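Straight run, no breaks: the sequence shown in the working numbering ends on number 391.
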Amino acid sequence: MKSVRLGKTNLNVPSIVVGCMRLAGKTKSEMNRFIRAALDRGANYFDHADIYGDGQSETVFGDAFAADPSLRREDVILQSKCGIRKQGAGFYDQSKSYILSAVDGILKRLKTDYIDVLLLHRPDALVEPEEVAAAFDLLQASGKVRFFGVSNHRPSQIELLKKFVKQDLIANQIQFSLAASAMIASGMEVNMTTSGAADRDGSVLDYCRLKDITPQAWSPFQIPAWQGSFLGHDSYAPLNEKIDTLAAKYQVTPAGIAAAWILRHPANFQVIAGTSREDRLLDLIAASDIVLTRAEWYELYLASGHILP
Ligand SMILES: NC(=O)c1ccc[n+]([C@@H]2O[C@H](COP(=O)([O-])OP(=O)(O)OC[C@H]3O[C@@H](n4cnc5c(N)ncnc54)[C@H](OP(=O)(O)O)[C@@H]3O)[C@@H](O)[C@H]2O)c1
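In structure tokens, the structure reads:
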């Protein structure tokens, strides 16, 4: 499987990450089989969040992992996120006390002493970066967290954190796919009045490349706003036609081509795959070595509905 360097660390990590958001319903034995199938193919990077299944995704993962003596903690990279709270109408919280308590909950559910990567799940409008910095210092000093990053953050929000946070922020997990590529469009429709010209992200992809932050693509096969997968979807007929042609050419699944499109970008993305099926995960891993040509990458981009000025 293709690997990427994780931020400025010296870790080479898999380009296909096992996303655990939709795995809360698995039994312990199903989860054990899923973890082992992933590890057998080199997919040892698992993406969690404290809110997935209200904690159940982490719980069943932790139970399945701990119960199997053949699985060794040091062989896997565990990433989780915190900062979204569900009380009342819901709110975001990057206060020091909440980050610290959230990490303790994550460690307990995952049945581990440390997580490899902690991401702040979403920007908190009320963030006080001094508090984040204090929490990160304590988590690093206690050995509870090895590396830190963010999710869904704009460059200026990362810079604000960096005013006080001294650890490198090694990853930014953002939505990115053939159906959610506004950040590519705004970089090409510069100074135009087209809809694609709107800058919705502050050029976050360029920023990640400049700062050696690994971009992680969440929901790689989903239509934005939870409308299901674009693969095989009638609203994306020209895109699916192009995907199917390339899938036949490269002898991989359509999802493999959609992932290869993300991996072809030189920002060195990781793709956070959300499937709950072993066969689909293994197909994606198999397709990760495909390198689409420059022309194919642009053909897919155009077929997804964008323009080239
Ligand atoms: N940072 C954030 O804000 C954020 C937000 C959302 C998600 N995430 C992370 O990103 C991960 C992936 O998100 P996601 O689950 O929305 O991503 P996804 O991989 O785009 O979607 C997976 C879903 O699509 C279905 N699917 C339908 N056809 C498929 C096909 N041909 N191939 C693969 N899957 C197909 C899967 O069903 P089956 O299970 O039946 O295959 C599954 O329900 C999550 O697990 C989570 O770790 C992060």
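C-beta: ideal position from N, C-alpha, C; glycine also.
Keep in mind it's a predicted model, so treat the numbers as computed, not measured.
For residue i versus residue j, is the C-beta distance shorter than 9 Å?
i: T335; j: R362; result: yes
i: I344; j: A329; result: no
i: R346; j: L374; result: yes
i: F147; j: I117; result: yes
i: V71; j: K110; result: The structure shown does not extend to residue 71, since the chain is modelled only from 83 to 391, so the question has no answer here.
i: D288; j: G269; result: yes
i: Q222; j: F230; result: yes
i: T357; j: R104; result: yes
i: I197; j: V227; result: yes
i: A337; j: F303; result: yes
i: I392; j: V286; result: Since the first residue of the chain shown is 83 and the last is 391, residue 392 is not available in this structure.
i: L364; j: A207; result: no
i: K245; j: A217; result: no
i: I181; j: Y174; result: no
Compare the Cα-Cα distances from residue i to each of the options and report the closest residue.
i: G144; options: A377, K90, I372, K108; result: K108
i: S301; options: M83, K90, V99; result: V99
i: D122; options: D283, H388, D157, T141; result: D157
i: L399; options: A131, S317, R115; result: A question about residue 399 goes unanswered here, because the residues of the chain that appear run from 83 up to 391.
i: H203; options: E241, E212, C164, K226; result: C164
i: A267; options: D195, D186, H388, I367; result: H388
i: R87; options: A223, V232, I252, D136; result: I252
i: S317; options: S386, E212, S111; result: S386
i: S162; options: G172, S177, I133, Q176; result: I133
i: P320; options: L260, N254, I159; result: L260
i: K155; options: L192, M274, K248; result: According to the sequence displayed, residue 155 carries Arg and not Lys. Among L192, M274, K248, the Cα nearest to that of R155 is on L192.
i: A125; options: N273, V209, M83; result: M83
i: L384; options: E241, G278, L243, D371; result: G278
With a threshold of 16 other CB atoms inside 10 Å of the CB of residue i, please say whether the residue is buried or exposed.
i: Q169; result: exposed
i: R236; result: buried
i: T296; result: buried
i: P391; result: exposed
i: I292; result: Note that residue 292 is Leu in the sequence shown, not Ile. By the neighbour-count rule (16 or more Cβ atoms within 10 Å), L292 is not buried but exposed.
i: T276; result: exposed
i: P205; result: buried
i: S152; result: exposed
i: E140; result: buried
i: S97; result: buried
i: G89; result: buried
i: G101; result: buried
i: D186; result: exposed
i: N92; result: exposed
i: D136; result: exposed
i: Q176; result: buried
i: K331; result: exposed
i: N273; result: exposed
Problem - Any beta strand (DSSP E) of 3 or more consecutive residues that is wholly inside the stretch 294 to 372 - result: For the stretch 294 to 372, whole beta strand (DSSP E) runs of length 3 or above, ordered along the chain, are 296 to 300, 352 to 355.
Practice task
Kindly provide the ranges of any beta strand (DSSP E) runs that are 3 or more residues long and lie completely inside the stretch 131 to 212, ordered along the chain.
Solution key: As for any beta strand (DSSP E) of minimum length 3 sitting wholly inside the stretch 131 to 212, the runs are 159 to 164, 197 to 202, ordered along the chain.
Problem - Residue ranges of each beta strand (DSSP E) within the stretch 221 to 286, 3 or longer - result: Taking 3 residues as the shortest admissible run, the stretch 221 to 286 contains the following complete beta strand (DSSP E) segments, listed from N- to C-terminal end: 227 to 233, 251 to 257.
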